[in-house]
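Enquirer:
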Amino acid sequence: MTVAGIISAIIVGLVVGALGRLVVPGRQSLPIWLTILVGIVAAVIGTAIAQAVGVAVTDGIDWIELVFQVGLAALGVALIAGVRGRGTV
């Protein structure tokens, strides 16, 4: 993976992770690095699911793929916040 690919993954992870945090109700006390990590993992898995379903490549913005990614990020944020014991308030 090139440096540009790593930087792109971090930026996409930050955006997807932040959107996932916004979807989960309440306040989550997760550090930003954990939000980025959850976002990167959710983006990769969400893209794989979208490809398996056959909706990963469409004309324009791939909204269904983005929904998969943000949904997985929200699930990841909720799970990690719950495991850490400082979940939503």
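Numbering (my numbering), first residue to last: 114 to 202. Ideal Cβ positions, reconstructed from N, Cα and C, are used throughout, including at glycine. Keep in mind it's a predicted model, so treat the numbers as computed, not measured.
With DSSP as the reference, label R197 as helix, strand or coil.
Expert: helix
Enquirer: I'd like to know if the stretch 187-195 and the stretch 125-138 are in contact, where contact means that at least 3 CB-CB pairs between them fall below 8 Å.
Expert: Contact between the stretch 187-195 and the stretch 125-138 is present: three or more C-beta pairs spanning the two stretches fall below 8 Å.
Enquirer: If I measure Cβ to Cβ from T115 and keep anything under 6 Å in the same chain, skipping five residues before and after, which residues do I get?
Expert: Nothing listed; no residue qualifies.
Enquirer: Measuring straight from C-alpha to C-alpha, what distance separates D172 and A156?
Expert: Cα to Cα, the separation comes out at about 19 Å.
Enquirer: Starting from V128 and walking both ways along the alpha helix (DSSP H), at which residues does that stretch end?
Expert: Taken as a continuous stretch (DSSP letters only), the alpha helix (DSSP H) holding V128 covers 116-136.
Enquirer: Put G167 into one of helix, strand or coil per three-state DSSP.
Expert: coil
Enquirer: I145: buried (16+ other C-beta within 10 angstroms of its C-beta) or exposed?
Expert: exposed
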